[in-house]
Amino acid sequence: MDRKIEQLIRNWQKRNITGVYTEGKEAALDKIMGIIPLSASVGFSGSVTLDTLGVVRYLEGRGNTVFNPYKAGLSRDESMEQRREGAQADYYLAGPNAVSEKGELVFFSAFGNRTAGISYAKNVVVIAGVNKIVPDIQEALKRSREYATPLNCKRLEWNTPCFPDGICRQEICFFPEHKRMCCQILIIEAEVTPDRLKVILVGENLGF
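Using the numbering used here, the first residue of the sequence shown is number 18, and each one after it goes up by one.
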């Protein structure tokens with residue numbers, strides 16, 4: 018573990034956030050499974066990082082109750098209800114759009130289940146690759162809006178101004194002409210409840 022990561026974990030400690038480091042994806046998955054009990058219900062937000070790790074598949078396979086809004090065959094109303102229930106689950110999983118070296122965590126959301134779950138679920142586990150780390154909060158917001166969100170819009174085929182070429186044009190990104198993804202922004206600066214919020218930092222590039 019290099020000094021920058023050691024300092025980041027110390028910064029999280031000062032913010033009442035539990036940070037742990039794993040070298041790779043397999044160790045990160047083992048850590049998540051060790052944190053979440055079999056009896057716990059689990060909600061999550063859409064995340065390339067979670068997809069890469071296969072977290073949801075493993076949790077469903079071992080018998081956890083998982084509120085999965087992306088399950089095949091769900092209507093839009095059913096998917097939204099899964100989001101609402103997931104935000105109130107025993108554990109909520111998410112990947113950040115960016116992490117500052119000082120320890121702030123940035124999340125952009127369209128529907129609000131992501132910001133609600135991270136803010137208020139009983140327990141939250143955030144998983145981030147080292148590629149998400151940037152120097153400060155200004156760069157974290159810039160990365161989230163101008164890099165991560167356009168890639169997610171491309172992945173999900175959202176009708177946004179950034180969809181064709183990946184260039185953010187937030188000044189014209191409004192309804193009904195466009196389907197805006199940057200609707201809510203959550204910045205976690207610190208946590209009041211000890212051990213509620215855990216961050217697993219993975220020594221690989223994961224997600225956008």
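Note that the Cβ used here is the ideal one computed from N, Cα and C, for glycine as well. Predicted model, so just to flag it, every value in this text is computed and none were measured.
So what's residue i in DSSP terms, helix, strand or just coil?
i: residue 205; result: strand
i: residue 215; result: strand
i: residue 53; result: coil
i: residue 78; result: helix
i: residue 184; result: coil
Kindly give me the distance between the Cβ atoms of residue i and residue j, rounded to whole angstroms, as I take these residues to be in contact under 8 Å.
i: residue 121; j: residue 157; result: 6 Å
i: residue 160; j: residue 114; result: 7 Å
i: residue 190; j: residue 163; result: At roughly 12 Å, the Cβ-Cβ gap does not stay under 8 Å, so residue 190 and residue 163 are not in contact.
i: residue 104; j: residue 130; result: 5 Å
i: residue 144; j: residue 70; result: 7 Å
i: residue 65; j: residue 73; result: About 12 Å separates the two Cβ atoms, so there is no contact after all.
i: residue 51; j: residue 146; result: Actually they do not touch by this definition, with Cβ atoms about 19 Å apart.
Locate the alpha helix (DSSP H) running through residue i, then write down its first and last residues.
i: residue 145; result: Element bounds for residue 145: not the alpha helix (DSSP H) but the beta strand (DSSP E), 140 to 146.
i: residue 70; result: 65 to 70
i: residue 159; result: 154 to 160
i: residue 32; result: Looking at the DSSP string, residue 32 is not in any alpha helix (DSSP H), and its letter there is neither H nor E.
i: residue 171; result: 166 to 173
Hey, quick one: how far does the beta strand (DSSP E) through residue i stretch, first residue to last?
i: residue 87; result: Counting along the chain, residue 87 falls outside any beta strand (DSSP E), and DSSP gives it neither H nor E.
i: residue 39; result: 35 to 39
i: residue 240; result: The displayed coordinates of the chain run from 18 to 225. Any statement about residue 240 would go beyond what the structure contains.
Contact the stretch 58 to 68 vs the stretch 92 to 110: 3+ CB pairs below 8 Å | Three or more beta-carbon pairs separated by less than 8 Å link the stretch 58 to 68 to the stretch 92 to 110, which places the two stretches in contact.
How do the stretch 22 to 32 and the stretch 210 to 219 stand: do at least 3 beta-carbon pairs fall below 8 Å, yes or no?
-> Inter-segment contact for the stretch 22 to 32 and the stretch 210 to 219 is present: three or more beta-carbon pairs are separated by less than 8 Å.
With a floor of 3 residues, list each beta strand (DSSP E) that falls wholly inside the stretch 99 to 133, ordered by position along the chain.
-> 108 to 111, 115 to 117 and 122 to 126
Are the stretch 195 to 204 and the stretch 123 to 143 touching, with three or more C-beta to C-beta distances below 8 Å?
-> yes
Determine, using beta-carbon pairs with one atom in the stretch 129 to 143 and one in the stretch 164 to 180, whether at least three such pairs fall under 8 Å.
-> no
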